[in-house]
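Residue 866 in our numbering sits at position 865 of the first sequence; the count goes up by one each step and never skips.
Below is one structure, written out as structure tokens; comments come after it.
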Amino acid sequence: MAREIAKAYEPQLIEPRWAEYWVADELFKADANAPGPVFSIVIPPPNVTGSLHIGHMLDHTEIDILTRWHRMRGYNTLYLPGTDHAGISTQRVVVKQLAEQGIDYRKLGREEFERRVWKWKEESGGKITEQMRQIGESCDWSREKFTLSPELSAVVREVFVRLYEEGLIYRGYYMVNWCPSCLTTLSDLEVVHEERPGTLWHIRYPVVGSSESLVVATTRPETMLGDTAVAVHPEDERYKQLVGKKAMLPLMNREIPIIADAMVDREFGTGAVKITPAHDPDDFEAGKRHQLAEINVMTDDAHMNAEAGAYAGLDRFEARKKVVEDLKSLGLLVKTAEHTLSLGLCERCKTIVEPRASTQWFCKMKPLAEPAIAAVESGEIRIIPENWQAVYFHWMKNIREWPISRQLWWGHRIPAWHCRDDGHITVARETPAACETCGSKHLVQDPDVLDTWFSSGLWPFSTLGWPGDTQDLRKYYPTSVLITGHEILFFWVARMAMLGIHFTGKVPFHTVYLHSIVKNAEGQKMSKSKGTGIDPIDVNRKFGTDAMRFTLASMAAPGSDLIWTGDRIQSSRNFANKIWNAARFLFVNLDKFEQGGTGLEELASPEARAGAPYQFNGNVPLADAWLFSRLANTAEAVNDALANYRFHEAAQGVYQFFWGDFCDWYIEWVKPELQSANRERAVVAWKNIFAAFDAALRLLHPLMPFLTEELWHQMPQPAGAKSIALDKYPEARAEWKNAQAEERFSLMQEVIVALRNIRAEMKLDSKKRIAAEFSSLDAGARSLIETNRDGVLRLAILSDLKISAERSPQPGGALRSTSQFDLRIAYEEVVDAAAEKARLKKEFDGLQKAVASKERQLADETFRSRAPEKIIRGLEATLSGQRVELKKIVERLGQL
RNA sequence: AGGCCCGUAGCUCAGUUGGUUAGAGCGCCUCCCUGACACGGAGGAGGUCGAUGGUUCGAGUCCAUUCGGGCCUACCA
Numbered sequence: 002m003a004r005e006i007a008k009a010y011e012p013q014l015i016e017p018r019w020a021e022y023w024v025a026d027e028l029f030k031a032d033a034n035a036p037g038p039v040f041s042i043v044i045p046p047p048n049v050t051g052s053l054h055i056g057h058m059l060d061h062t063e064i065d066i067l068t069r070w071h072r073m074r075g076y077n078t079l080y081l082p083g084t085d086h087a088g089i090s091t092q093r094v095v096v097k098q099l100a101e102q103g104i105d106y107r108k109l110g111r112e113e114f115e116r117r118v119w120k121w122k123e124e125s126g127g128k129i130t131e132q133m134r135q136i137g138e139s140c141d142w143s144r145e146k147f148t149l150s151p152e153l154s155a156v157v158r159e160v161f162v163r164l165y166e167e168g169l170i171y172r173g174y175y176m177v178n179w180c181p182s183c184l185t186t187l188s189d190l191e192v193v194h195e196e197r198p199g200t201l202w203h204i205r206y207p208v209v210g211s212s213e214s215l216v217v218a219t220t221r222p223e224t225m226l227g228d229t230a231v232a233v234h235p236e237d238e239r240y241k242q243l244v245g246k247k248a249m250l251p252l253m254n255r256e257i258p259i260i261a262d263a264m265v266d267r268e269f270g271t272g273a274v275k276i277t278p279a280h281d282p283d284d285f286e287a288g289k290r291h292q293l294a295e296i297n298v299m300t301d302d303a304h305m306n307a308e309a310g311a312y313a314g315l316d317r318f319e320a321r322k323k324v325v326e327d328l329k330s331l332g333l334l335v336k337t338a339e340h341t342l343s344l345g346l347c348e349r350c351k352t353i354v355e356p357r358a359s360t361q362w363f364c365k366m367k368p369l370a371e372p373a374i375a376a377v378e379s380g381e382i383r384i385i386p387e388n389w390q391a392v393y394f395h396w397m398k399n400i401r402e403w404p405i406s407r408q409l410w411w412g413h414r415i416p417a418w419h420c421r422d423d424g425h426i427t428v429a430r431e432t433p434a435a436c437e438t439c440g441s442k443h444l445v446q447d448p449d450v451l452d453t454w455f456s457s458g459l460w461p462f463s464t465l466g467w468p469g470d471t472q473d474l475r476k477y478y479p480t481s482v483l484i485t486g487h488e489i490l491f492f493w494v495a496r497m498a499m500l501g502i503h504f505t506g507k508v509p510f511h512t513v514y515l516h517s518i519v520k521n522a523e524g525q526k527m528s529k530s531k532g533t534g535i536d537p538i539d540v541n542r543k544f545g546t547d548a549m550r551f552t553l554a555s556m557a558a559p560g561s562d563l564i565w566t567g568d569r570i571q572s573s574r575n576f577a578n579k580i581w582n583a584a585r586f587l588f589v590n591l592d593k594f595e596q597g598g599t600g601l602e603e604l605a606s607p608e609a610r611a612g613a614p615y616q617f618n619g620n621v622p623l624a625d626a627w628l629f630s631r632l633a634n635t636a637e638a639v640n641d642a643l644a645n646y647r648f649h650e651a652a653q654g655v656y657q658f659f660w661g662d663f664c665d666w667y668i669e670w671v672k673p674e675l676q677s678a679n680r681e682r683a684v685v686a687w688k689n690i691f692a693a694f695d696a697a698l699r700l701l702h703p704l705m706p707f708l709t710e711e712l713w714h715q716m717p718q719p720a721g722a723k724s725i726a727l728d729k730y731p732e733a734r735a736e737w738k739n740a741q742a743e744e745r746f747s748l749m750q751e752v753i754v755a756l757r758n759i760r761a762e763m764k765l766d767s768k769k770r771i772a773a774e775f776s777s778l779d780a781g782a783r784s785l786i787e788t789n790r791d792g793v794l795r796l797a798i799l800s801d802l803k804i805s806a807e808r809s810p811q812p813g814g815a816l817r818s819t820s821q822f823d824l825r826i827a828y829e830e831v832v833d834a835a836a837e838k839a840r841l842k843k844e845f846d847g848l849q850k851a852v853a854s855k856e857r858q859l860a861d862e863t864f865r866s867r868a869p870e871k872i873i874r875g876l877e878a879t880l881s882g883q884r885v886e887l888k889k890i891v892e893r894l895g896q897l
């Protein structure tokens with residue numbers, strides 16, 4: 002049966018086929034009734050608004066690798082995909098689209114707005130799926146549920162009401178971060194700080210009823226219009242006599258008190274501070290302590306309002322200029338100094354945040370944080386890498402109140418209703434018919450929505466049927482692992498921990514794996530807003546999603562950043578192609594072999610594979626014994642790496658085995674056997690190579706799902722078998738391990754490499770066969786080479802190989818020696834003596850240094866008494882070998 | 001201001017409890033378009049591990065100081 006296999010790996014042909022399969026199939030749909038261990042994963046929120054870049058791929062890559070690995074080991078796996086954000090994001094997309102059409106979403110009315118959101122969702126649903134298909138199978142959309150689905154909204158309301166009833170959620174009048182562009186409150190975490198050069202203006206405030214005056218320093222002169230006091234330190238001798246008097250606020254001509262407060266730093270500026278309770282968090286607190294009035298001089302969008310008198314209507318920065326000018330002309334500007342300040346910016350739009358006092362909903366965090374701290378301290382939640390634990394503790398132990406209301410439209414609305422008659426607020430799970438206190442029917446729902454992270458923080462249990470006592474909840478909660486980037490440790494991880502423990506009494510996950518941040522070649526974090534992201538779809542189209550996944554996995558060493566340069570993915574693509582071609586080799590040659598009668602079914606059936614490695618003449622052939630031993634060791638290392646979230650080690654292990662061991666050595670070695678005229682020998686070779694190839698595919702599968710799936714289906718599989726992902730993951734089989742075979746095979750590799758090396762140095766044409774001599778005092782080594790003479794002749798391109806105990810005394814030709822053996826090629830043409838000498842000299846230097854340092858160490862009594870026996874013996878063994886080599890080099894140098 | 005991380009071959013990075021001539025991929029050099037693969041094969045050159053000092057029989061690996069780069073947290077007007 003002739004097979005048609007493309008000459009090169011073409012991901013664009015293979016992957017869509019399987020992508021469709023993955024998305025459609027319910028492979029990862031967990032069954033709560035299924036027996037066996039459970040592995041459940043919380044997936045971070047994918048962002049479907051278009052800011053998808055390679056950085057976002059990392060979570061999904063790692064999660065999917067783990068999922069497949071666990072699935073192949075018989076775990077019952079559940080994904081909890083973070084589609085919560087998808088709902089919010091959908092709303093934001095609609096807002097953006099409306100804005101592009103010049104429509105302000107606020108003016109649509111909430112119902113009309115939500116209608117459009119649903120419409121967009123329906124229309125674009127397919128588009129999202131197609132997009133996700135192209136970036137790979139890494140996200141499971143089959144469980145797609147949007148935030149605004151009735152089920153999730155009900156959970157959010159339930160949580161809100163419970164926290165409110167417990168007194169943890171309250172309404173408060175405080176200073177909050179306000180974005181004048183987004184027109185909403187921001188939590189501290191949504192404010193990013195940036196160092197910028199600024200100015201410190203010194204302004205003179207005359208003291209009422211005297212010729213004295215005070216100089217205050219400020220970086221924001223426009224806020225002085227709202228000043229209601231000047232503060233000095235209570236023990237500051239310079240100003241002691243002024244406390245209790247009044248100052249005349251320039252420009253506004255308002256008398257304001259001079260107060261004493263310990264908050265003032267005597268060293269900074271002039272030691273006198275203007276107090277603007279409505280526009281600064283510290284001043285706000287001071288204002289409360291001293292019962293000062295708050296004068297808000299700005300509008301929502303940061304223009305000056307009527308309270309600013311002559312400045313009303315100006316933008317805050319124009320007002321600043323004008324205030325400074327006016328002060329200057331009044332002679333009240335004492336001095337200006339340069340001053341670097343750290344400005345708070347809105348994370349989303351980068352507008353300078355305006356501190357603003359307003360009434361908002363808050364959540365008390367201390368009672369929630371304490372159990373979450375304890376969970377990490379006790380190890381019930383493991384944070385990997387460990388250094389992030391310290392960061393977590395630091396934040397959690399200094400946690401502040403969380404303002405949870407947002408003046409946005411996207412998100413869950415706050416379940417609170419204001420009574421128009423008596424002002425009472427009714428908090429309820431369902432829309433109340435009447436006010437709790439006065440029974441009035443004039444109720445208006447609070448216009449605010451909840452911070453996105455409020456609902457996201459419920460994800461691990463809100464998706465499993467909570468507050469009901471469901472089977473899913475019992476089986477899958479707590480989940481096993483959360484993988485995400487460390488940038489949302491506080492936003493999301495910590496809040497899930499707090500809310501999960503609070504509402505279920507159990508931690509939401511046992512392991513938190515925080516991966517590195519992906520940056521571009523310039524070292525910048527990938528970000529859509531900065532324009533530094535790389536679109537993974539483009540890259541995938543070019544190289545394939547398997548290459549993308551393998552690249553991310555191989556670079557995902559924990560603890561440090563990951564820089565995306567683009568050349569690693571080329572090497573991953575090459576690796577995929579290499580495997581593809583190894584498979585082609587098998588099938589193309591099998592076609593020829595099959596004409597002799599024995600077919601694929603017999604050679605590669607599941608039963609045949611299970612019996613490998615097969616024997617010939619009562620022994621497993623050396624190369625096969627070696628390969629299966631390598632396979633066992635690789636499987637062990639890879640399993641171990643994945644168990645410890647060391648994806649890069651897993652990737653490297655499989656790469657080395659598949660390319661280095663399987664392709665470069667094993668296939669080359671068994672080529673003749675596969676076509677052997679001895680049918681029995683050939684069948685053994687075929688059965689072994691198929692078994693090894695199959696195992697290697699399974700080993701690679703989590704790291705390259707599409708390619709391995711495709712090739713797996715080329716081989717005979719048990720009836721009803723659907724996917725390699727449901728096959729077994731290779732384990733380290735003890736009976737495959739064979740230290741002796743590894744040792745013997747590697748000696749042969751050494752001999753072959755040394756011979757190739759000589760050939761290369763002599764610049765021999767690669768087709769030119771030459772004769773060589775092998776000599777070794779070790780009878781075992783001689784018989785090894787003797788037995789495998791054909792292979793050595795073939796791989797080292799020799800016409801003949803003489804084997805002897807003693808090196809022939811003949812001078813001339815090219816020579817290569819190790820402590821175990823000598824190789825000589827008696828070639829007529831003189832070897833470049835000078836080059837040979839230089840090479841040997843270099844080797845001599847290195848070797849001599851190594852020998853000297855070992856001799857020194859071994860002669861040291863302290864070393865001998867303190868170093869472990871193993872080290873000493875190893876050192877001695879190496880030393881004796883190196884001495885032999887050194888001697889041979891000296892001899893050879895003498896000859897030249 | 002406090003905390004964390006990084007500085008290893010030209011580039012991007014590995015290097016788990018300190019232990020034998022420090023590894024990989026890409027790039028570079030030489031030879032080869034050989035029937036799985038030029039997205040390939042074979043061979044090779046190239047680092048003394050930012051700097052200094054210390055602990056130790058022994059340090060890329062631990063400690064201190066220092067220089068350089070990055071990140072996070074912070075209410076200094």
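Ideal Cβ positions, reconstructed from N, Cα and C, are used throughout, including at glycine.
It should be emphasised that the depicted structure is a prediction, and the values quoted were computed from it without experimental measurement.
With DSSP as the reference, label residue i as helix, strand or coil.
i: M366; result: coil
i: P607; result: helix
i: M527; result: coil
i: I872; result: helix
i: R416; result: Note on residue identity: the sequence assigns Pro, not Arg, to residue 416. If DSSP states are grouped into helix, strand and coil, P416 belongs with coil.
i: K723; result: coil
i: I771; result: strand
i: I753; result: helix
i: V325; result: helix
Leaving out five residues on either side along the sequence, give the residues of the same chain with a beta carbon under 7 Å from the beta carbon of residue i.
i: R884; result: V852
i: V177; result: T186, R357, S359, Q361, P404
i: H340; result: G199, T200, L201, T220
i: A558; result: H649
i: T271; result: H203, V216, V217, A218
Locate the beta strand (DSSP E) running through residue i, then write down its first and last residues.
i: Q446; result: 444 to 446
i: R383; result: 383 to 385
i: I804; result: 799 to 805
Ignore the nearest five residues each way along the sequence and tell me which others in residue i's own chain have a CB closer than 6 Å to its CB.
i: R205; result: S214, V216, L333, V335
i: G173; result: F363
i: P12; result: G545
How would you label residue i, buried or exposed, when you count the other beta carbons within 10 angstroms and need 16 or more for buried?
i: I400; result: buried
i: S572; result: exposed
i: N634; result: buried
i: P181; result: buried
i: N689; result: buried
Considering just the uninterrupted stretch of the alpha helix (DSSP H) at residue i, what are its terminal residues?
i: D823; result: From DSSP, D823 is part of no alpha helix (DSSP H) but of the beta strand (DSSP E) over 823 to 826.
i: P282; result: 282 to 290
i: F588; result: 568 to 595
Near residue i, which residues of its chain fall below 8 Å by C-beta distance, leaving aside the five closest residues on each side in sequence?
i: I426; result: R172, A417, W418, H419, C420, D447
i: C350; result: C180, S182, C183
Query raised in the report: Would the stretch 72 to 82 and the stretch 97 to 106 be scored as touching if the rule is three or more Cβ pairs under 8 Å?
Result: no
Report task. Decide if the stretch 280 to 291 is in contact with the stretch 219 to 235; the criterion is three or more beta carbon pairs, one per stretch, under 8 Å apart. Result -> yes
Query raised in the report: On the three-pair Cβ rule with 8 Å, is the stretch 511 to 522 touching the stretch 673 to 680?
Result: no
Query raised in the report: Are at least three pairs of beta-carbons, each pair with one atom in the stretch 786 to 794 and one in the stretch 802 to 812, less than 8 Å apart?
Result: yes
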